[in-house]
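For reference, the structure is listed below as structure tokens.
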Amino acid sequence: MEVLMAILIGGLYAGGLYMMLRRSMVKMLIGLLILSSAANLLIFVINGLERGRPPIIDEHAMALSGQYADPLPQALILTAIVISFGVQAFAIILIKKVYQKTGTDDLDQLRSTDTF
Amino acid sequence: MKAFSLNIILTFVWVSLTGVFDITNFLIGFGINYMVIWLSTGLDDTTGYFKKIPLILNFGFYFMWEIIKANYQLTYDILTPTHKMNPAIIGIPMDAKSDIEIALLANLITLTPGTLTIDVSTDKKTIYVHTMYLKDKQSFIDEIKLGLEQKILQIVR
Amino acid sequence: MNFSENHNLIIVLPLLVPMLTGIICLLFWWRQKFQKGIHLVGGVLTLIASLILFYNVWENGMIVSTIGSWPVPFGIVYAADLLSATLVLLTGIVGFCVGIYALVDIDNERKKFGFFILYHFLIFGVNGAFLTGDIFNLYVWFEVMLISSFVLLALGSEKAQLEGAIKYVTINLVSSVLFLTAVGMLYGMAGSLNMADLALIVPLLEHQGLVTLIGILFIISFGIKAALFPLFFWLPASYHTPPSSVSAIFAGLLTKVGVYALLRTFSMIFIFDQDYTHEILIVLAGATMLAGIMGAFTQPDLRRLFAFLVVSHIGYLVMGIGLMTSLALTGAFFYLIHDILIKTNMFMLSGMVRRMGGSNLMSQVGGLYKARPYFALLFGVIILSLAGIPPLSGFWGKLILIKAALDEGAFGIAAVALITGFLTLYVVMKVWIDLFWKSQPVDELFKAPDEYTLLPMASKMALVTPVIILTLLSLGIGFGAEHVLALSERIASQIIDPMYYIEHVNGLSK
Amino acid sequence: MIDLITLFFLFSGSLLILIAGIGILRMPDVFMRASAVTKAGTVGVGLILTGFIIYYLDFELSARSLAIVLFIAITSPVGAHMIGRAAYIMGDKLWEATVRDDLKGKFDPEKHEIKSNENEDQS
Amino acid sequence: MIDLDFWISFLIMPILGISVILVFMRFLIGPSISDRVVSLDLLVTVGIGLIITYCILVKETVFIDFALILALLGFLSTVAFAYYIEKKGEK
Amino acid sequence: MKSIVLQTTSKLLLPLLLLFSFFLLVRGHNEPGGGFVGGLVASAAFSLYAIAFGMRKARHTLGIPPGILIGSGLLTSLIAGVLPLFFGEPFLTAMWSIIEIPVIGKLSTPLLFDIGVYQVVLGVTLVIILTLGDE
Amino acid sequence: MIWLFVLLGLIVSPLVPLLFKLGGNKTGYFIALIPLAVFVYFFSLIPVISAGEIITEKHHWIPAFGIGLNFLLDGLSLLFALMISGIGTLVFLYSGSYMYSEEYKVRFFSFLLIFMTAMLGVVLSDDLIALFLFWELTSLTSFFLIGYKSNSEKSQYAALQALLVTGLGGMFLFGAFIYIEYYTGTFTISEILSTGFDLRGSHLYPWLLAFLFLGAFTKSAQVPFHFWLPNAMEAPTPVSAYLHSATMVKAGVYLVARFNPILGEHIYWNNTLLIFGATTMIIGAFLSLYQVDMKRILAYSTLSALGILMFTLSFGNEGIIAAVLFLFIHSLYKGSLFLLAGAVDHSAGSRNITQLGGLMKPLPLLGIIAMMGVLAHAGLPPFLAFIGKEELYSAAVSRSEIMYLSIGLIIMTKIMLFASGFQAGWKPFSGNRILLPEGQEIHKPSWFLMIPPLLLGSLGLLFGIFPGLIGTSLIDPAASAISGTIMKSSLGLWHGYSWLIPATLVTYGLGYLLFRAKLYLQKDSAFFKQAERAFSSWIYDLKLKAFDLASYKITKLLQNGYLRFYLITILLVMILGLGSTMILKGPFESVRMNFEGARFYEFIVAGLIGIGTLGAILATARLSAVAALGVVGFGVSLLFILFGAPDIALTQFTIDTLSVLLFVLVLYRLPRFFNFSSKAVHIRDIIISIVSGAMITLLILFVLNETKQSKVSQYYASNSYILAKGKNVVNVILVDFRGADTLVEITVLAIAAIGVYSLLKLKSKEDEL
Ligand code: NA
Ligand code: NA
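Each protein sequence line maps, in turn, to chains Y, Z, F, V, W, L and U. Going by this note's numbering, the first sequence opens with residue 1, and the numbers climb by one from there. Going by this note's numbering, the second sequence opens with residue 1, and the numbers climb by one from there. Going by this note's numbering, the third sequence opens with residue 1, and the numbers climb by one from there. Going by this note's numbering, the fourth sequence opens with residue 1, and the numbers climb by one from there. Going by this note's numbering, the fifth sequence opens with residue 1, and the numbers climb by one from there. Going by this note's numbering, the sixth sequence opens with residue 1, and the numbers climb by one from there. Going by this note's numbering, the seventh sequence opens with residue 1, and the numbers climb by one from there.
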């Protein structure tokens, strides 16, 4: 299972990165979204997968027992997801604003701040 | 008053969601729903809700039957190699007046397999429905008006 | 409850104050005057909080607080060794100074749209990054810093700002993804996030090659944030676009946080393959110095030039990390202290140049030597410190670093450091000639009085005072090198022996 | 026994969903896909949930399952309606065998208004 | 008695899985955006079925809440797309 | 959007979703949910409402400016963290009252913290969506 | 007390503006009291030092590194200190008049005072770091003084050039110093000298020497680093006299002299000095012949003199007395001549010797000064310079293997200098007809323009007649300090008959003939033009240009504005870094590559995610891309559910839904997708991204092989309910175990919201236009 996931995640990284290398801002953003999903999945997978055993303590139990999914990566992913939501929201608006201001979606046209 | 009754209804929803039946949970639910209603002011009148429970039940069975019927027809059509469909968009004049009536009607039409509400005219007099099996227009209109619309209006009004 | 005894309070105070300041400003979104007042009070209190922290750490040694009372390594721990405390103090100072400067530098529109809030949240983020002892928590702090810097960078929506922001945002987000990836892997292998705990676990791991591999990911991720060659391109593309006060606080603090992260991880966790990892760092450091200074040389715009200087001098800091000897670290810390103050000051000065000369394009400005002698004096002191002219502040760090490099037989990097120093002198003197000596290419008759002259006295003071404060501090560092050196040495002695940090965090030293 | 009943409901539910899946592939235009498919799926989920209720026979879970059915019944037609409407506005082609389109010419894309049908003769 | 787990694993889940594939094929085929949205809508519905079945398979009921959320919010993206199309039409 | 169907349904769904969001919030300590999901569901509810009725009406219905919600949320969470400091405990140390309430459990600083999270998430999402919708 | 007198100039310099405010334009004269005080102080120490004592003074600065403001007063530094303060006094006096009506004289005097401190510091420091500090300070003050006419492009060029050349040397010097400390363990010069470290034994000795000499040669303008010195004549004349003739340019000589005991007496040392010194003295003298500007003649002759000094020092102990003597004399007569040039300029409005003539009559006192200067310059008796010349000649023959070469070279140099001295000093005053530039009249120079050069000139005469005045008191101690052994000079005008007499006569005779040849009139000849160009700053210009060009090329290549280039660079670094590490640190063990235990539906969900991603990538319509992203997000949440993470699944799904909404609200304002890239670019990008993705996959597989159960998670599992009273462990982590993460994270959200709001609502200034 992990092997499948490893390949999938590698694919997601590749796809995200490929999109980021496009000249269109919107595509780049989509790439970024894919990339952060991939990172979340990576954290999830790399700590081992456990089918259908959420880290929630049974009604009558005092502690998790037996097999259970590692709760810490889950908490980390949750944090990462929420953060990337905020960041992405900002990035989307930024792109919109850039387009409004420059009239182009082509990143190659946006070079005035580093060329001299 | 309508807010209060809504509050009560929502409190029951709360209690069943949480699955804890005791007075404190009821009170909590009441309090939370008070906030809910406060946050979502602007609901239409929902009085007379309780009187209509038999009608609702009656309608429920009718509607279920309709759905099963239609599902059967649809299943058949999906699974057989050829399409025997007669699709059309039909404008149906409505008796339903209030927003809630119209919405209910529209949703139930959509929920019935084979038909889909496309839109309601701006003057709220005609509802445009896409159907997959049009025999003739008038019988389709009658089917909707006498079947669904009337039953709904009975309940709501 | 004795205040000075309450370590739990002391260590979070530099976080609570800016956060609370930000929140209050947010709650009074429409009351600009009030925000301004809160902003000032917040700046002062943050400074005081950082002073208290520094004093306590200096007097009593490292302070550790287990957030949520959860024992190490199960909860998040905030730990202030002397390095962290010093950086927090510098953040307080720089934050306070730029805060005053910004009152005049930032226009009303930007103030109306949350500048003050963002400013304090940025400080909040920076302080957090310096204080946390948990690597994932560090990631979160990085994000606070990043997002507030994103917004500060774009705030104002000028075309250049937006263009710069696109690059800044994109590349920094890539860095964040890599950071997250690396943290995920580290946790997968070591099962802990507490840095002190990781320092204990990682050496026991079976496959040290894998640790090195993850270390490489960290180098790239932090390298982007620290603006190392060849990962720095986002910085010169963006740092010159926002108002000077924003550039100033960025230049002073943000890349340094990247360096700090590199330092923490590569002095505690990834220290078992130094011949490989730290050699890479040294190579990168040298390339950064040279690429940065060459870039600076080509720039016609003062702030772009300064941006490249920011890059170039990061090399010195990373050189110290790469050498990883007590002496090298001493030098790096000395340089770091100098660098934070000077880079901030530099960009504040650039704002004043724009006000006095009407532009940041050096060809458009001139004659300031005759027109504004005292400003020339300030500027001169700063650029000479920048060039590392003895006995100004930039000199000592460089001296010690080169000495440390020779001690290690690292002649190459020592040479690069020397050459970079010389080229820096070249670059800044060209700047000097352009701005101060050359005549302004505008017909004197038609020249309107410059923006600076038209400012009311109070505004002038608000611009000048922070510059003077920072300049005096720089001079103080240079002439009082003995004390700063003592500080740097003490920091280095704590860093070079990771057990100091580890034992304190684990509560073993008490 | 309970397992068997559960399995029955699960099976019929999943079968309906499968039919919906086939339907969405086979139906010739977007309106028919929307109208056919959404409900088949809805009923399918309803059946599966019934299986779930029977399997666990727990009040709390049943309440929640019913809530799910209720919510799907509320939201699913709205979604279908919205997409049908949007498809029409956007100008998605009706299947060529469509016999009648009363809405044709009633939609004013400028003002976003739809005329009523009543003053037209009915045939 | 029958082995419910077996049947779920090798009958129900595969049926649902195949449904997902079919729906997804429509998504890929399109051709119009509304086709894709319709299939996305159905995908969510199938997802609900899948999750509930999974709850029975792994004897874990907490996932039901996810189904609840899907039921409540699944149509929101559909609405959003419709909103887009209409807005686009306004221009 | 000018769809009666959508508008009417949204009116109905708004309280339902809000209720559900509170439900997720308070029981999050023991079952899936919590401030994040709760806040997100609540914002989805208002977003739906905003799409159906327009941003202005949504804002009016909400009553509180979403920006204030962000501020108050941050403040709430911060207070939850600061409280223990007054008792000499580290920042964010959980403190539990004796009062126990069904479903919610004992009132505590973690709950207060989560309530802050809820507000922030709601406020943030709404600020973003309503502002964007204004355009 | 040394520190006070070293730092006096620096201390007073900030007060200069105030002094001028109080004292008016005449203040300049009074400032001369400062160097005078310094002079008097050091003068008073002559007896002590000549008695063989060495005074050291320690002031801790950075005790941890043994760095201090330590001073060392021995014969060598005393001689220099007296020259600096003595000539300084006269130059300050002179400047008081020369700069009288200048607008920016306040700065001038401030810098001059700082320079004095710097120069005193260089020669008195007993600490390498302090020495370096003062060394750099002399470069800097020189920069500001050369650039005194700040808006003149020539001044700017010359100032920067001087700074860069000496700064470059400073850089090497710095390296040398740090190495010396590394080798000896101390920065303190007296310790290094007295403990007799044999740096010559270090295997890096040649490098050390090279670095040290680079410092010295740039400062003392040895060919090929000489060109900055003539250009530095852009500075006001007092500066030329003081910095660029009498003192600063001799810092390099000082350095060589100072380190002679521990680095000298070595073949590398001697020969390097010989070669550079000889080249410089010949070329300097030769070039001086063709100059028409008095200051430039003097500048080149100074160059030559500096060469002579290095040349002389190459003879080891045999040359030391000559070197010290010549150092001293040269400061006197060259200072005098420079000041004279300034005075002539002031009075006659030009320094161009072709435009000047017969000034003896209107300016008799200047004429006398000129005479004295010229004669000293030529090394005629009874000037001290004569003795100096004799000593030089004697030293030149001390190395028997190159005796004829060196004596030939020095005589040649002296011949040319003889001529150029006459050209500079004699030509303007000789002749009967008064020659002035057009429209110029003679202004009587003030006394302050004449007394200082007169005094300097007369001192040369005085010491020539009574060499005993300086022999044991100054020259011997200095020479002893240089050699590290006791040195005794026997100075006198007459040493009996020897080969020196014919040599001297030949020098005079040929020199006079050369003067008569009036080579300066050939200034524009093709031959000289070529020679001048060959020895101009073309290397410097070329190097700067090359650096310019390289910087532009490299920066344009790297900072090219293409975001995707930046990203590709990052990816390549990653691929390279990870790849090479995998190879070097391998082999790595991976988990077994099989799909055992993967369920059918898991494949489907994975496929949903994978193909959805592909769909997003290939989508031609923006909305389809967003929809595809929706599929991906949904697939990911399903995956989370399947593997027991309901909390993330819930969050992921709601956030995805809201993201779709966001996208939709923004997208309809954005343009359609265009395909900007060519096929080759696509292929390149595909390769790069696939390799990067593969790296990540490999990493995951490697790490999975190492994964262990985490003790942290176990702690949470057992204590979540018992200690934190919550059963949803993930939520307990979020609000309790790791609450700090969450608190910070919601701040991120808050900031993002502010950002969105401000970005959308704020109307930028550009919009208003
Ligand atoms: Na693990
Ligand atoms: Na200029």
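We treat Cβ as the ideally placed atom computed from N, Cα and C, and that holds for glycine.
One finds Pro15 in chain L with Cβ atoms closer than 8 Å to the Cβ of Ile37 of chain Z, taken in chain order.
In the DSSP assignment, Thr131 of chain Z falls within the unbroken beta strand (DSSP E) covering Thr126 to Thr131. By the beta-carbon neighbour count (other beta carbons within 10 angstroms, threshold 16), Trp538 of chain U is exposed. Under the DSSP assignment, Ser77 of chain U falls in the alpha helix (DSSP H) whose first and last residues are Gly75 to Tyr98.
In this structure, Gly68 of chain F places its C-beta atom within 7 Å of the C-beta atom of Gly739 of chain U. Inter-segment contact for the region 236 to 243 of chain U and the region 332 to 343 of chain U is present: three or more beta-carbon pairs are separated by less than 8 Å. Taken residue by residue, none of the region 710 to 726 of chain U has a beta-carbon sitting less than 8 Å from a beta-carbon on chain W.
Between Gly635 of chain U and Gln652 of chain U, the beta carbon gap of about 10 Å keeps them out of contact (Cβ cut-off 8 Å).
A distance below 7 Å separates the beta carbons of Ile369 of chain U and Gly457 of chain U. Under the DSSP definition of a beta bridge, Asn352 of chain U partners with U:Asp293. At least 7 Å separates the beta-carbon of Gly367 of chain U from that of Gly431 of chain U. Put simply, the CB of Ala36 of chain V is far from chain W, with every gap to its CB atoms at 7 Å or more.
In the three-state DSSP reduction, Phe71 of chain U falls in the strand class (E or B). The DSSP-derived three-state label of Ala79 of chain F is strand. Among the CB atoms of chain L, one or more fall inside 7 Å of the CB of Val79 of chain W. Within chain W, the C-beta atoms nearer than 8 Å to that of Val631 of chain U come from Phe24, Phe27, Leu40 and Leu43, in chain order. Asn33 of chain Z sits buried, since 16 or more C-beta atoms from the chains shown fall within 10 Å of its C-beta.
Pairing Glu158 of chain F with Ser764 of chain U gives a Cβ-Cβ distance under 7 Å. With its beta carbon less than 7 Å from one in chain Y, Val58 of chain W belongs to the interface. Take the alpha-carbon of Ser350 of chain F and the one of Leu199 of chain U: they are about 47 Å apart.
In the structure shown, Lys93 of chain V falls within a coil segment according to DSSP collapsed to helix, strand and coil. Here Leu361 of chain F is bridged, per DSSP, to F:Asp301. Taking the Cβ atoms as the reference, Ile54 of chain U lies roughly 7 Å from Leu72 of chain U, within the contact range of under 8 Å. Here Gly185 of chain U is exposed. Its C-beta has fewer than 16 other C-beta atoms within 10 Å. Cβ-Cβ distances below 8 Å link Phe702 of chain U to Phe588, Glu589 and Ser590 in the same chain, with the five nearest sequence neighbours on each side left out; the list follows chain order. Counting along the chain, the unbroken alpha helix (DSSP H) around Val505 of chain F starts and ends at Pro498 to Val505.
With a threshold of 7 Å between beta carbons, Val78 of chain V makes contact with chain L.
CA-to-CA, the gap between Ser480 of chain U and Ser190 of chain U works out to about 14 Å. In the DSSP assignment, Pro477 of chain U falls within the alpha helix (DSSP H) that extends over Asp476 to Ser483.
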